[in-house]
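Accompanying notes for the structure given below.
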Amino acid sequence: VDCPFPPSDKIGINSVQRENEEIVPMRAMKMAWVPYVPLEDRLSRIDSLKTKIFTLGCTQRRSALKHLKEERVKKFDYCMPYYMPLSPPEDEDDTVVNIMYPLEPPIVCDFDWEMDDMEDFIDEKVKDEVLPEDEKEKFKDFIKERVRERKRELKQAKEARKKAIDDMDPKLKEAFENIRFYKFYPVKTDDTPDVSQVQAKYINRYYRHAHELL
Numbered sequence: 001v002d003c004p005f006p007p008s009d010k011i012g013i014n015s016v017q018r019e020n021e022e023i024v025p026m027r028a029m030k031m032a033w034v035p036y037v038p039l040e041d042r043l044s045r046i047d048s049l050k051t052k053i054f055t056l057g058c059t060q061r062r063s064a065l066k067h068l069k070e071e072r073v074k075k076f077d078y079c080m081p082y083y084m085p086l087s088p089p090e091d092e093d094d095t096v097v098n099i100m101y102p103l104e105p106p107i108v109c110d111f112d113w114e115m116d117d118m119e120d121f122i123d124e125k126v127k128d129e130v131l132p133e134d135e136k137e138k139f140k141d142f143i144k145e146r147v148r149e150r151k152r153e154l155k156q157a158k159e160a161r162k163k164a165i166d167d168m169d170p171k172l173k174e175a176f177e178n179i180r181f182y183k184f185y186p187v188k189t190d191d192t193p194d195v196s197q198v199q200a201k202y203i204n205r206y207y208r209h210a211h212e213l214l
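The numbers in the UniProt record's numbering rise by one with no breaks, and the one at position 91 of the sequence shown is 91.
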């Protein structure tokens, strides 16, 4: 990330298993942007180095990490650096909701409230024998609730983005307008595989795509 300001002080916590996305301060997960110090300078005073490079690091004591509860450890597995770009995300007007209906086995699918006809969609699940006939009404109510939730989430996200941009300091706004993302891949050596054919600009759902691969 090439920017004179930290891109964000928040972390996104999300996974397929989690129903709701969480955006929390980095400090809640004991994370922070910390100065990068080259290995050969690790014994020097950090403030004397005047580094302009920062990495996302864990600030929790090593001894405490050994005693984390399993639920807390899993939260770390789903952490992603959060960033709210000035331009709206590609899925801001998305009409697709992820469905995970609690049956045995669960019904996992996507429903597009603009493209899919509700009745046909449900009948298809019954026909494919993944949904029992006597579950049709419950399944319909479940989908309707997920659609309402998703529409509410999109509306809140749009309003939050507008407010954040309106309240933003002009210098910060200018910096974010010119922010650039670089994604680095390891150089091929005799001991490492060639990854040139699998490189991708995608970073994560928040940062989206890198401006340049290196």
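All C-beta atoms in this analysis are idealised placements derived from N, C-alpha and C, irrespective of residue type, glycine included. Please read all numbers here as calculations on a predicted model, not as lab measurements.
Query	Result
LYS10 in three-state terms, based on DSSP	strand
Nearest to TYR206 (by Cα), restricted to the options PRO88, MET31, LEU39	PRO88
contact_flag[the stretch 164-178, the stretch 3-14] where n(CB pairs < 8 Å) is 3 or more	yes
Among ASP120, MET84, GLN60, the one whose alpha carbon lies nearest that of LYS136	ASP120
Segment contact, 8 Å Cβ cut-off, at least three pairs: the stretch 141-150 with the stretch 107-119	yes
Rounded separation between GLU70 and PHE54 - CA only	29 Å
CB of ILE203 within 9 Å of CB of PHE184, strictly	no
DSSP-derived helix/strand/coil call for MET100	strand
Neighbourhood of LYS30 by C-beta, 7 Å cutoff - its chain only, sequence neighbours within 5 removed	CYS58, THR59, GLN60
Alpha-carbon to alpha-carbon, ALA210 and LYS196	Note that residue 196 is Ser in the sequence shown, not Lys. Rounded to whole angstroms, SER196 to ALA210 spans 16 Å at the Cα level.
Proximity to TYR82 [Cα-Cα], best of ILE143, ILE13, GLU40	ILE13
Whole-angstrom distance between MET115 and ASP134, CA atom to CA atom	25 Å
Every unbroken beta strand (DSSP E) within the stretch 51-90, with a cutoff of 3 residues, ordered by chain	54-58, 79-81
Anticipated Cβ contact below 8 Å, LYS140 with ILE122, distance rounded	6 Å
Through-space distance from GLU124 to PRO132, alpha-carbon basis	11 Å
Buried or exposed (CB count within 10 angstroms, at least 16 for buried), residue 299	This structure leaves residue 299 out entirely; the chain is present only between 1 and 214.
Distance between ASP9 and MET26 (C-alpha atoms, nearest Å)	6 Å
Distance between beta carbons of TRP33 and LEU56, contact taken as under 8 Å	6 Å
Simplified DSSP assignment, three categories, for PRO186	coil
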